[in-house]
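If you count by numbering that gives the first Met the number 0, then the sequence shown holds residues 0 to 385, one letter each, in order.
Heads up, the beta-carbon is just placed ideally off N, CA and C, and yes, glycines get one too.
Because the structure is a prediction, the values reported are computed rather than measured.
Structure record follows, encoded as C-alpha cells.
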Amino acid sequence: MSAEHIHIFDTTLRDGEQVPGCKLATPQKIEIALQLEELGVDIIEAGFPISSPGDFNSVVEIAKIIKKARVCALSRAVEADIKRAAEALVYAKHPRIHTGIGTSESHIKYKLKSTQDEILERAVKAVRYAKTFVEDVEFYAEDAGRTENEYLARVCEAAIQAGATVLNIPDTTGYCLPEEYGAKIRFLKENVKGIDNVVLSTHCHNDLGLATANSIAGIQNGARQIECTINGIGERAGNTSLEEVVMIMRQHPYLNLDSHINSRLLNETSHLVSDRMGMIVQPNKAIVGANAFAHSSGIHQDGVIKRRDTYEIIDPQEVGVDTSKIVLTARSGRAALAYRFKNIGHNLSKIELDSAYAKFLQVADRKKEVNDADLEEILKVENILA
Ligand code: KIV
Ligand code: ZN
C-alpha cells in the first residue's frame, strides 16, 4: 500500500523570518522560495503582506515566479489584512490565504478583550471574506494548543461551514505534550462535522523542545499537513524542523505517511537558509548539523568503520551529505587513526600504528581535533615511513 501524502507547508519565509536578525530582502527570499520549490514543498508561506511594503512586495514577486507549489500569504482576521494578502497573491498560480484569530482563554480575554461568541463570529467573517478572493482558504485557531477542545471544535466547524479548505491547529506557545496534541487532533477528527472534507494541519512551536514530536503525534492522529521551517527557525525557540519530520516519516515506513520532499536537497537547503539569514545551525542539530554524521569516540568509530549502520540510522547521502566523518580527538581509538591515515594514503603496520598512536594521544590532549596536517607531522616526528 502506498504511503499517504503529508503536505509540507514551509513557513521559513514567514514564521522563520520573524526571528530577530533574520530579515531578508526580496531577492534572497526569491532565491529561498525557488530552492523550497525544488526541494518539493507543497506550500510556501511567503509572508505577511500587511506587515510592511517590503513583505508585500516579496509575496508578489514569489507569487510570480513559483509554478508548482501553492503560495500562501498570512493575515489576521481583519478585512484590511485579508484584502492586502489577496492583492499580493494576484499573480500566484495556486494562491492560498491563511487567516485566523486567537481562540484560547488567554488570547480571547487578555489579547483580544472579547468573548468566545464574538471570536467565533469574527473567524467566520474572515473566512467568508477571504473566500471572495481565493478558493483555497486556510483558517488558523491561534493558541489552539491551550484552547479547550469543545470550543475549538465549534470554531473549526464554523470555519468549515464558512468555506475553509484547511484548518490549522497551532500550538503557538509550544505548550502541549505529544499525547495531548495528538488527542486534540483526534478529538477534532471525531467531533467536527465536515472535517473529512478539509485538511487538518499541525503548526508546532518548540518552546519545550517538543515541536517535532507534537507534529508527528498530529499526523498519527489524522492531520495531513505539517507546518515547518528549514533548520527549525522561528519565533522564540523556533518551529518544527522540516528536515526532521521528513526524515522521521522516511525512517519509519510503517507509519505509512510520506512527503514529496527530495531529501537529497536537505543539506544544501539548510546551508542556503543559514547563510542568507545569518543564523548558524547548532552543530548537534538533527539531520543538518555539522556533527549529525560525525563520530569521535573510539567505540563508535570502530563500529562505523566496520559497518556504517552500527551507529547511523540514516545514510548521509540520503540527505545530501557526502559521507560520515571520523573525527580524531583524544577519545578516538587505533581503528579510527588507522582509517584516517589510510584516507591520506598511508597504510601503517601494527608497530607503526602503535608508535603513531602514542604520539597522536599527546597531540590530541593538547588540541580539540587532530587534522590531516597533524597526522603528516606525527609521521615525520616519529620517523614513520621516512
Ligand atoms: O504560531 C502561530 O500560531 C502562528 C499563526 C499565525 C499561524 O504562526
Ligand atoms: Zn507560528
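Measuring straight from C-alpha to C-alpha, what distance separates residue i and residue j?
i      : j      : result
GLU386 : ASN205 : The first residue shown for the chain is 0 and the last is 385, placing residue 386 beyond what the model contains.
ALA372 : VAL362 : 12 Å
THR386 : ASN346 : With the chain running from 0 to 385 in the structure shown, residue 386 is simply not present.
MET248 : ARG145 : 27 Å
LEU38  : LEU360 : 43 Å
LEU241 : LEU187 : 24 Å
ALA182 : LEU256 : 18 Å
LYS366 : THR328 : 8 Å
SER258 : ALA334 : 39 Å
THR211 : GLU311 : 20 Å
GLU137 : ALA79  : 17 Å
ILE118 : PRO315 : 48 Å
LYS349 : GLU267 : 40 Å
ILE7   : ARG83  : 25 Å
LYS124 : ARG75  : 12 Å
Give a single yes or no on whether residue i has its beta carbon closer than 7 Å to a heavy atom of ligand 2.
i      : result
ASN230 : no
PRO169 : yes
GLY144 : no
GLU234 : yes
HIS202 : yes
ASN238 : yes
Can you have a look at residue i and say buried or exposed, based on whether 16 or more other CB atoms are within 10 angstroms of its CB?
i      : result
PRO94  : buried
GLN300 : buried
MET246 : buried
GLU3   : exposed
ARG263 : exposed
ILE343 : exposed
THR98  : buried
GLY20  : exposed
PRO26  : exposed
HIS106 : buried
Could you tell me how far apart the beta carbons of residue i and residue j are, in whole angstroms, since I believe they sit closer than 8 Å?
i      : j      : result
ILE29  : LEU35  : About 11 Å separates the two Cβ atoms, so there is no contact after all.
ASN238 : THR228 : 4 Å
LEU166 : VAL133 : Incorrect: roughly 16 Å between the Cβ atoms, too far for contact.
GLN17  : GLU156 : At roughly 30 Å, the Cβ-Cβ gap does not stay under 8 Å, so GLN17 and GLU156 are not in contact.
ARG306 : ILE325 : The Cβ separation is near 14 Å, so there is no contact.
GLU351 : ILE383 : 5 Å
GLY297 : SER331 : 5 Å
ILE232 : GLY46  : With a Cβ gap of about 15 Å, ILE232 and GLY46 do not count as contacting.
GLY173 : LEU151 : With 8 Å as the limit, GLY173 and LEU151 do not qualify as a contact, their Cβ atoms being about 17 Å apart.
Are there any heavy atoms of ligand 1 lying less than 7 Å away from the beta-carbon of residue i, as far as the coordinates show?
i      : result
GLU16  : no
LEU73  : yes
TYR180 : no
GLU104 : no
GLY99  : yes
GLU60  : no
TYR139 : yes
Counting only beta-carbon atoms, is residue i nearer than 8 Å to chain B?
i     : result
TYR90 : No chain B is part of this structure, which consists of one protein chain only.
Does the contact criterion of 3 or more C-beta pairs under 8 Å hold for the segment 312-323 versus the segment 285-297?
yes
Check whether the segment 194-204 and the segment 152-171 are in contact - that is, three or more C-beta pairs closer than 8 Å.
Short answer: they touch.
Would you call the segment 99-107 and the segment 140-154 in contact, with 3 or more CB pairs under 8 Å?
Yes: the two stretches touch, three or more of their Cβ pairs being nearer than 8 Å.
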